[in-house]
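Chemist: Below is one structure. I have some questions about it.
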C-alpha cells in the first residue's frame, strides 16, 4: 500500500517537510517515519529555498568552505548553496570565493570513492558534507572517513532533517529536527519494536525515494 503523506505544521522560510507515518526500512535502520525530500532534491525552486535557509546558519563555525560534498542526491541543493555562500557582498566568509560542488561516487561495494581528476577538490580542502537527512549518522561517517582518506578536512555537516545533533563531535546543522517531528524513532533492524510486533514494512527507502511493499 502507498504511504499516506502529509506536511508537518512547521515551515522554515519557504521550506516545508512532507512525511509519512508507518514502518520503513533503510540501509542502516528501521524508522516509523519516511521523510520525502524529492522536491527539494529535484525542483530548483525548492532547492533554492533550502539553500537560502541553510546559508543563513553558521554551517562551519566561521571556517571557509572549499568544497560541498553532496550526498543523498543533494547536488542541486549543493549547487544553490554554493551560489548563496559565494554571493558578492554576502555576509559569509566565502563571499567572492570559489566553491566546488562534488557528488558522491559509490563503488560496486558501496564504498565512497573519487577518481583522480576529482582529488584536488578534496586534498587539503575544507569540506561541508550535505545530506537530505541524518538518521543514524552512518552515512555521514562514511563521508567523513572518505574526506579523511583523501586528506581533506570536514568542517561542517548540513541537512534538511536530522535525528542527530552531532556526529562524532561535529554539530549537524539542519532545518528540521526531532522537535518538529514528535515521536520520530529510528532503530537497528534487529531491535525494531515494529518488527517484534509483526508489523509489516510499508516501504524500503533510500536516497532515491521509496519502494512500497
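Numbering (our numbering), first residue to last: 6 to 218. Ideal placement from N, C-alpha and C gives every residue a C-beta, glycine not left out.
1. Between which two residues does the beta strand (DSSP E) harbouring residue 83 extend?
2. Which whole-angstrom value is the C-beta distance of residue 18 and residue 54, which I expect to be below 8 Å?
3. Is the Cβ-Cβ distance between residue 62 and residue 80 less than 7 Å?
4. Look up residue 10 in the DSSP assignment and say whether it is helix, strand or coil.
5. Am I right that residue 142 and residue 172 are in contact with their C-beta atoms under 8 Å? What's the rounded C-beta distance?
6. Look at the alpha carbon of residue 144 and the alpha carbon of residue 101, and state the distance between them as a whole number of angstroms.
7. Compute the distance between the beta-carbons of residue 180 and residue 162, then report whether it is under 7 Å.
8. Should residue 170 be labelled buried (16 or more other beta-carbon atoms within 10 Å of its own) or exposed?
9. Any idea which residues DSSP pairs residue 176 with across the strands?
10. Taking the alpha carbon of residue 7 as the reference point, which residue from 211, 160, 207 has its own alpha carbon closest?
11. Which residue wins for smallest C-alpha separation from residue 46, given the options 103, 22, 175?
12. What are the uninterrupted segments assigned as alpha helix (DSSP H) that are 4 or more residues long and contained completely in the region 103-174, given in chain order?
13. Using a Cβ-Cβ cut-off of 6 Å (strictly less than) and excluding sequence neighbours within five positions of residue 15, which residues of its own chain qualify?
14. Count the other CB atoms within 10 Å of the CB of residue 29; is the residue buried (16 or more) or exposed (fewer)?
15. Please check the pair residue 70 and residue 110, which I expect to be a contact at CB under 8 Å, by giving their CB distance rounded to whole angstroms.
16. Look at the alpha carbon of residue 198 and the alpha carbon of residue 43, and state the distance between them as a whole number of angstroms.
17. Please report the residue range of the beta strand (DSSP E) in which residue 41 lies.
Modeler: On the basis of the data shown:
1. If you look at residue 83, you'll find it isn't in any beta strand (DSSP E); it sits in the alpha helix (DSSP H) that goes 80-90.
2. The pair is a contact, with the Cβ atoms about 6 Å apart (cut-off 8 Å).
3. no
4. strand
5. 4 Å
6. Their Cα atoms are separated by approximately 31 Å.
7. no
8. exposed
9. Its beta-bridge partners are 171.
10. 207
11. Cα-wise, what sits closest to residue 46 is 22.
12. 143-154
13. So the list reads 185, once near-sequence residues are dropped.
14. buried
15. Incorrect: roughly 20 Å between the Cβ atoms, too far for contact.
16. The alpha-carbon atoms of residue 198 and residue 43 are separated by roughly 28 Å.
17. Run containing residue 41: 35-41, per the beta strand (DSSP E) assignment.
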